[in-house]
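Participant: Got a structure for you, questions after.
There are 4 protein chains.
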Amino acid sequence: MADGERISRLREAVCRANLDLVDKGLVIDTFGNVSGIDRELGLIAIKPSGVGYDSLTPQAMVVLDLEGNKVDGDLNPSSDTKTHVRLYREFPEIGGVVHTHSRSATAWAQAKRPLPCLGTTHADYFRGDVPVTRPMTEAEVVSDYERNTGLVIVETIRTLDLSPVEVSAALVANHGPFVWSDDPMRAVEVARVLEFLAGVNLSARMLNPAEPAPDRFLIDKHFLRKHGAQAYYGQK
Amino acid sequence: MADGERISRLREAVCRANLDLVDKGLVIDTFGNVSGIDRELGLIAIKPSGVGYDSLTPQAMVVLDLEGNKVDGDLNPSSDTKTHVRLYREFPEIGGVVHTHSRSATAWAQAKRPLPCLGTTHADYFRGDVPVTRPMTEAEVVSDYERNTGLVIVETIRTLDLSPVEVSAALVANHGPFVWSDDPMRAVEVARVLEFLAGVNLSARMLNPAEPAPDRFLIDKHFLRKHGAQAYYGQK
Amino acid sequence: MADGERISRLREAVCRANLDLVDKGLVIDTFGNVSGIDRELGLIAIKPSGVGYDSLTPQAMVVLDLEGNKVDGDLNPSSDTKTHVRLYREFPEIGGVVHTHSRSATAWAQAKRPLPCLGTTHADYFRGDVPVTRPMTEAEVVSDYERNTGLVIVETIRTLDLSPVEVSAALVANHGPFVWSDDPMRAVEVARVLEFLAGVNLSARMLNPAEPAPDRFLIDKHFLRKHGAQAYYGQK
Amino acid sequence: MADGERISRLREAVCRANLDLVDKGLVIDTFGNVSGIDRELGLIAIKPSGVGYDSLTPQAMVVLDLEGNKVDGDLNPSSDTKTHVRLYREFPEIGGVVHTHSRSATAWAQAKRPLPCLGTTHADYFRGDVPVTRPMTEAEVVSDYERNTGLVIVETIRTLDLSPVEVSAALVANHGPFVWSDDPMRAVEVARVLEFLAGVNLSARMLNPAEPAPDRFLIDKHFLRKHGAQAYYGQK
Chain A
2 MADGERISRL REAVCRANLD LVDKGLVIDT FGNVSGIDRE LGLIAIKPSG VGYDSLTPQA
62 MVVLDLEGNK VDGDLNPSSD TKTHVRLYRE FPEIGGVVHT HSRSATAWAQ AKRPLPCLGT
122 THADYFRGDV PVTRPMTEAE VVSDYERNTG LVIVETIRTL DLSPVEVSAA LVANHGPFVW
182 SDDPMRAVEV ARVLEFLAGV NLSARMLNPA EPAPDRFLID KHFLRKHGAQ AYYGQK
Chain L
2 MADGERISRL REAVCRANLD LVDKGLVIDT FGNVSGIDRE LGLIAIKPSG VGYDSLTPQA
62 MVVLDLEGNK VDGDLNPSSD TKTHVRLYRE FPEIGGVVHT HSRSATAWAQ AKRPLPCLGT
122 THADYFRGDV PVTRPMTEAE VVSDYERNTG LVIVETIRTL DLSPVEVSAA LVANHGPFVW
182 SDDPMRAVEV ARVLEFLAGV NLSARMLNPA EPAPDRFLID KHFLRKHGAQ AYYGQK
Chain U
2 MADGERISRL REAVCRANLD LVDKGLVIDT FGNVSGIDRE LGLIAIKPSG VGYDSLTPQA
62 MVVLDLEGNK VDGDLNPSSD TKTHVRLYRE FPEIGGVVHT HSRSATAWAQ AKRPLPCLGT
122 THADYFRGDV PVTRPMTEAE VVSDYERNTG LVIVETIRTL DLSPVEVSAA LVANHGPFVW
182 SDDPMRAVEV ARVLEFLAGV NLSARMLNPA EPAPDRFLID KHFLRKHGAQ AYYGQK
Chain C
2 MADGERISRL REAVCRANLD LVDKGLVIDT FGNVSGIDRE LGLIAIKPSG VGYDSLTPQA
62 MVVLDLEGNK VDGDLNPSSD TKTHVRLYRE FPEIGGVVHT HSRSATAWAQ AKRPLPCLGT
122 THADYFRGDV PVTRPMTEAE VVSDYERNTG LVIVETIRTL DLSPVEVSAA LVANHGPFVW
182 SDDPMRAVEV ARVLEFLAGV NLSARMLNPA EPAPDRFLID KHFLRKHGAQ AYYGQK
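These protein sequence lines are chains A, L, U and C, in that order. Add 1 to the 1-based position in the first sequence for my numbering, that's all there is to it. Add 1 to the 1-based position in the second sequence for my numbering, that's all there is to it. Add 1 to the 1-based position in the third sequence for my numbering, that's all there is to it. Add 1 to the 1-based position in the fourth sequence for my numbering, that's all there is to it.
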């Protein structure tokens with residue numbers, strides 16, 4: 002496939018995933034963005050900044066290289082672009098990134114609490130708690146804020162010795178969730194499940210604040226039922 | 002009626018009930034499944050595993066015998082199939098089984114709390130609390146997990162000396178609700194009421210955590226107004 | 002107008018109000034019913050028992066006299082009919098009655114807490130707290146339960162020395178709200194506001210459990226801005 | 002542009018913003034109103050009182066001068082008109098005012114708690130907490146209530162030494178939110194974000210009641226990313 006055609010496909014996939022974000026109720030106004038990467042070309046496509054979802058087209062997507070330089074597109078990229086770029090650079094396994102301010106996940110981020118794994122629905126998607134970052138320092142906020150947001154996410158995943166494939170999201174303290182996956186559409190699906198879990202877990206915590214996590218073997222059972230070589234969910 | 006026609010009807014009923022599960026908002030993604038049984042034939046139809054609801058057809062339903070062997074169908078059955086089979090074997094009165102990860106019922110399951118009977122809406126459907134199972138052991142999870150999930154549901158109902166007709170649901174700890182009834186469509190209706198009650202009861206608990214259950218005679222009045230020989234609700 | 006035409010109009014108004022109850026999201030399944038009265042004829046029309054809202058027509062409404070005897074209609078009236086009849090007999094000012102199991106109002110009823118007047122939206126509709134009944138006795142439940150439900154509502158309003166025009170609803174303990182007004186459609190509107198307030202007040206209580214009621218003069222100001230001789234809201 | 006045409010445009014903008022309020026789910030029944038001002042003409046247009054949103058047309062909007070005298074229109078203006086007028090007089094920077102009884106913001110108003118700034122979504126719109134007014138005195142309520150409501154909002158903003166451009170909303174104690182902005186449509190957008198934040202912050206508080214506000218530099222970073230000379234969000 003020619004490069005031009007690959008770029009067109011990437012634009013289309015990213016545009017469709019951004020629209021899917023709206024269909025799934027994860028966005029109010031323009032609070033949210035999806036990007037995708039073509040690893041072979043080393044090019045990223047991302048939503049333009051502050052543009053309404055009503056008028057999104059594949060052509061409006063902005064194309065950047067892994068240095069964050071704009072390669073193609075008339076509009077400014079999402080103001081969160083440097084965070085996305087950072088995640089693609091540090092996590093070579095991933096192909097799509099989503100950022101939302103979805104209601105319940107944002108509540109956990111604002112409470113500066115990790116989203117605990119309390120059940121099998123969570124374990125079907127994340128092999129353990131979804132972590133929350135430390136608050137960012139004044140230096141990190143004042144200068145190159147969006148790049149530093151990416152770095153603090155990476156720091157969080159690494160410090161906790163997590164695999165970005167097994168725990169494919171983080172809550173940025175006082176901000177909201179960043180989620181990643183194999184491709185942009187799948188990342189939106191994971192973002193939606195994260196939002197669902199954030200709502201369910203809030204209710205569960207209110208019913209039983211002292212409840213410890215489920216046993217590790219139950220979490221592993223469900224994660225591995227859907228992921229990896231021994232998976233037996235679905236039609237594979 | 003010929004066996005082939007009976008199987009077609011069962012497939013149709015189960016397919017329709019699975020789609021109804023989505024219409025009633027009890028499912029996100031592919032988290033949920035409905036099955037039904039033809040007791041005369043001893044055959045069960047169930048949703049295929051990991052197939053989107055958009056593309057469900059009666060023909061996609063998988064038909065199994067009461068040993069869990071596939072009798073007809075091209076796809077893999079739901080990964081929860083052995084749980085359904087177990088319930089049909091142990092509760093001969095039932096004709097349909099539903100499993101969901103619906104939001105509020107899942108919260109109670111994750112909190113490892115039975116859903117208390119707090120009022121007449123609950124008593125119209127369930128003659129008492131909807132129980133929660135004990136957590137499963139490592140041995141139960143690692144080997145033949147789905148069958149053991151069915152066994153722990155049955156154990157819960159039996160240990161509490163409940164009638165599976167009067168209390169037609171259980172919350173699997175850290176997982177979510179299983180619900181059963183006379184037929185697949187009715188089981189979906191009961192699952193929807195369970196979800197409604199789980200939401201209402203969460204609010205009621207927050208308003209008055211100390212509130213004891215209503216009097217037993219009020220629960221019996223409402224359950225028997227709708228069920229059994231003395232029922233006088235509806236147009237019978 | 003001839004009596005036959007008056008009855009047709011009453012049937013139509015009651016049917017429309019029952020359908021409006023569904024449109025406003027106050028009903029799941031068949032949990033809810035609306036009635037209306039023609040005071041001149043002394044006749045009540047009410048929803049039939051256990052009939053789906055999809056198939057409701059004016060002709061399906063059941064017509065009764067103030068003794069509760071069926072005067073016209075093929076179907077059984079709502080199982081809650083005697084409660085409605087009791088309210089029409091005891092509160093001669095009212096023209097429509099609604100019963101729902103709406104989510105938040107039912108939570109307050111199950112918590113056996115009156116719905117407190119916490120603000121001006123409440124005071125626009127109810128001049129003070131919406132009371133909760135005492136639990137019913139075994140004798141009241143076992144025999145003539147629905148009539149006794151009406152009596153305990155009336156007892157609650159009278160014991161608290163409330164005007165049924167100023168406080169036009171009550172929560173039946175462990176059950177749900179009954180709401181009344183000038184006519185069936187207006188009663189549905191009040192039931193919807195009650196449900197809205199029940200949700201808002203739950204949140205307010207969680208934010209500030211100790212918060213006392215607003216000043217009496219603020220409640221009176223808002224109630225009287227919309228009701229009575231000095232009202233100045235709207236286009237009158 | 003001729004004055005008549007300017008007035009037509011104002012009516013249209015205000016009508017459209019009122020309808021947008023409904024589309025965004027911020028209104029039940031007729032609880033809510035939007036106004037706008039043409040500063041050059043010194044004329045305000047506002048929703049008529051108690052008129053259903055279904056039948057709103059630009060021509061139904063009521064036009065008033067800054068003394069609150071009706072200049073044009075057949076209907077009575079919103080009963081909250083004097084509050085709007087007061088805000089336009091005291092805050093010369095603003096061009097649109099919205100009042101709602103939206104669910105979560107009303108809960109905070111009833112709890113008499115300011116809406117705390119807990120994160121970046123809040124800081125994108127408001128540079129700090131959204132304040133709550135003191136309760137109004139009996140004298141303020143009994144006489145010229147709506148004008149006094151405006152005065153107590155202004156008092157709240159001034160006493161806390163806030164800029165009405167940086168904190169463009171207040172919660173009236175026991176009542177609900179008033180929100181303002183450059184023009185009517187933008188004020189509706191801010192009202193919607195306020196409602197979103199009120200819901201998120203309620204959840205955050207329940208998860209972590211002790212959580213202090215984010216650092217001031219993070220709030221400033223986000224507010225100034227979207228507002229003022231250094232803004233870099235969007236396509237400017």
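Virtual Cβ for every residue (Gly too), placed ideally from N, Cα, C. Remember, predicted model here, so these are calculated numbers, not experimental data.
(1) Looking only at DSSP bridge pairs, what is P132/L linked to?
(2) Return no unless some Cβ of chain L is closer than 8 Å to the Cβ of N19/A.
(3) For G120/A, which residues of its own chain have a beta-carbon under 7 Å away from its beta-carbon, when the five flanking residues on both sides are left out?
(4) Considering only their Cβ atoms, is the gap separating D30/L from E94/A smaller than 8 Å?
(5) In angstroms with no decimal places, state the Cα-to-Cα distance between R128/A and M62/C.
(6) Of all the beta strand (DSSP E) runs that stay within the bounds of the stretch 166–210 of chain L, which reach a length of 3 or more residues?
(7) So, helix, strand or coil for L65/C, using DSSP?
(8) Three or more C-beta pairs under 8 Å: does that hold for the stretch 132–149 of chain C against the stretch 163–179 of chain C?
(9) Does P215/L get closer than 8 Å to chain U when you measure Cβ to Cβ?
(10) In angstroms, rounded to a whole number, what distance separates the CA positions of F32/A and W181/A?
(11) Assuming D66/A and V72/A make a contact with CB atoms under 8 Å, what is their CB distance in whole Å?
(12) Whole angstroms is fine: what's the gap from V23/L's alpha carbon to A192/L's?
(13) Is there contact here, the stretch 195–203 of chain A with the stretch 99–119 of chain A, by at least three beta-carbon pairs under 8 Å?
(14) To the nearest whole angstrom, what separates the beta carbons of V124/C and L42/C, a pair I think is in contact under 8 Å?
(15) Only counting runs of 4 or more residues, tell me where the alpha helix (DSSP H) segments fall wholly within the stretch 50–108 of chain A, in order along the chain.
(16) Tell me whether G26/C sits in a helix, a strand or coil according to DSSP, three-state version.
(17) List the residues that DSSP assigns as beta-bridge partners of S164/C.
(18) Out of G229/L, P115/L, E147/L, state which residue places its alpha-carbon closest to the alpha-carbon of T157/L.
(19) Any idea if P213/A is buried or exposed, counting beta-carbon neighbours within 10 angstroms, 16 or more meaning buried?
(20) For T121/L, decide whether its Cβ has a neighbour in chain U, counting only Cβ atoms nearer than 8 Å.
(21) Cα separation between K227/A and A18/U?
(22) So which of D39/A, K25/A, M2/A has the shortest CA-CA distance to R12/A?
(23) Among G97/U, E147/U, L44/U, L208/U, whose alpha-carbon lies nearest the alpha-carbon of K113/C?
(24) Using a Cβ-Cβ distance cut-off of 8 Å, determine whether G235/C contacts chain A.
(25) Please determine, among D183/C, E91/C, G51/C, G97/C, the residue with the shortest C-alpha to C-alpha distance to S79/C.
(26) Short of 9 Å Cβ to Cβ, which residues in the stretch 32–60 of chain C face chain U?
(27) Determine the contact status of P178/C and A188/C, defining contact as a CB-CB distance below 8 Å.
(28) Of all the options E6/A, S56/A, V28/A, which has the alpha carbon lying nearest to the alpha carbon of C1/A?
(29) Do Y89/L and I1/L have their beta-carbon atoms positioned less than 8 Å apart in this structure?
(30) Using the Cβ count rule (16 or more neighbours within 10 Å means buried), how would you classify G26/U?
(31) Quick one: Cα of V35/U to Cα of H100/U, how far?
(32) Figure out for me which residue from G37/U, F224/U, V28/U, M2/U has the closest Cα to the Cα of M186/U.
(33) Could you tell me whether the Cβ atoms of T84/L and E141/L are closer together than 8 Å?
(34) Look up G33/U in the DSSP assignment and say whether it is helix, strand or coil.
(35) Nearest chain L C-beta to W109/U closer than 8 Å, yes or no?
(36) Can you tell me whether Y126/A is buried or exposed, with buried defined as 16 or more other CB within 10 angstroms of its CB?
Facilitator: The answer reads as follows:
(1) Along the second sequence, read from residue 1 onward, the residue named residue 132/L stands at position 131. In the DSSP output, where bridge partners are listed per residue, P132/L has none listed.
(2) One-based indexing of the first sequence puts residue 19/A at position 18. Cβ-Cβ to chain L under 8 Å: no for N19/A.
(3) As a first step, residue 120/A is located in the first sequence; it is residue number 119 there, counting from the start. The residues are P215.
(4) As a first step, residue 94/A must be located in the first sequence, where it is residue number 93. As a first step, residue 30/L must be located in the second sequence, where it is residue number 29. In this structure, the beta-carbon distance from E94/A to D30/L does not fall below 8 Å.
(5) Here residue 128/A corresponds to residue number 127 of the first sequence, with the count starting at 1. Here residue 62/C corresponds to residue number 61 of the fourth sequence, with the count starting at 1. Distance between the alpha carbons of R128/A and M62/C: 57 Å.
(6) Annotation note: the stretch 166–210 of chain L contains the following uninterrupted beta strand (DSSP E) runs of length 3 or greater, listed N- to C-terminal: 170–173, 177–182.
(7) One-based indexing of the fourth sequence puts residue 65/C at position 64. Residue state, collapsed to three classes: strand.
(8) yes
(9) Along the second sequence, read from residue 1 onward, the residue named residue 215/L stands at position 214. Yes, P215/L counts as interfacial toward chain U.
(10) Numbered from 1 along the first sequence, position 31 holds the residue referred to as residue 32/A. Numbered from 1 along the first sequence, position 180 holds the residue referred to as residue 181/A. Roughly 17 Å separates the two Cα atoms.
(11) The sequence position of residue 66/A within the first sequence is 65, counting from 1. The sequence position of residue 72/A within the first sequence is 71, counting from 1. About 6 Å; that satisfies the 8 Å criterion.
(12) Within the second sequence, the letter at position 22 stands for residue 23/L. Within the second sequence, the letter at position 191 stands for residue 192/L. Going by the C-alpha atoms only, they are around 12 Å apart.
(13) The stretch 195–203 of chain A makes contact with the stretch 99–119 of chain A: 3 or more CB pairs, one atom from each, lie closer than 8 Å.
(14) Locating residue 124/C in the fourth sequence gives position 123, counting from the first residue. Locating residue 42/C in the fourth sequence gives position 41, counting from the first residue. The amino acid at residue 124/C is misidentified as Val; the sequence shows Ala. Actually they are not in contact, since the Cβ atoms of A124/C and L42/C sit about 35 Å apart, beyond 8 Å.
(15) 82–91
(16) As a position in the fourth sequence, residue 26/C is number 25, starting the count at 1. Annotated three-state conformation of G26/C is coil, per DSSP.
(17) Here the question's residue 164/C lines up with position 163 in the fourth sequence. Beta-bridge pairing links S164/C to no other residue.
(18) Position 156 of the second sequence, counted from the start, is the residue given in the question as residue 157/L. The residue with the shortest Cα to Cα distance from T157/L is P115/L.
(19) Position 212 of the first sequence holds residue 213/A. So P213/A ends up on the exposed side.
(20) The residue labelled residue 121/L in the question sits at position 120 within the second sequence. Taking 8 Å as the threshold, the shortest C-beta distance from T121/L to chain U falls below it.
(21) Position 226 of the first sequence, counted from the first residue, corresponds to residue 227/A. Position 17 of the third sequence, counted from the first residue, corresponds to residue 18/U. C-alpha separation (whole angstroms): 49 Å.
(22) Here the question's residue 12/A lines up with position 11 in the first sequence. Closest by alpha carbon: D39/A.
(23) Counted from its first residue, the fourth sequence places residue 113/C at position 112. With distances taken between Cα atoms, K113/C lies closest to L208/U.
(24) Here residue 235/C refers to the residue found at position 234 when the fourth sequence is read from its first residue. Yes, G235/C counts as interfacial toward chain A.
(25) Here residue 79/C refers to the residue found at position 78 of the fourth sequence. Selected option, being the one with the closest Cα: G51/C.
(26) F32, P49, S50, G51, V52
(27) Translated into positions along the fourth sequence, residue 178/C becomes position 177. Translated into positions along the fourth sequence, residue 188/C becomes position 187. No, the Cβ-Cβ distance between P178/C and A188/C is not below 8 Å.
(28) Since the first residue of chain A shown is 2 and the last is 237, residue 1/A is not available in this structure.
(29) Given a span of 2 to 237 for chain L in the structure shown, any question on residue 1/L remains unanswerable.
(30) Counted from its first residue, the third sequence places residue 26/U at position 25. Counting Cβ neighbours within 10 Å, G26/U comes out exposed, since fewer than 16 surround it.
(31) One-based indexing of the third sequence puts residue 35/U at position 34. One-based indexing of the third sequence puts residue 100/U at position 99. Whole-angstrom Cα-Cα distance: 6 Å.
(32) Numbered from 1 along the third sequence, position 185 holds the residue referred to as residue 186/U. For M186/U, the nearest C-alpha among the options comes from G37/U.
(33) In the second sequence, residue 84/L corresponds to position 83, counting from 1. In the second sequence, residue 141/L corresponds to position 140, counting from 1. No, the Cβ-Cβ distance between T84/L and E141/L is not below 8 Å.
(34) Position 32 of the third sequence holds residue 33/U. Here G33/U sits in strand by DSSP.
(35) Counted from its first residue, the third sequence places residue 109/U at position 108. Closer than 8 Å: yes.
(36) Indexing the first sequence from 1 puts residue 126/A at position 125. Buried is the label assigned to Y126/A, since at least 16 other Cβ atoms lie within 10 Å of its Cβ.
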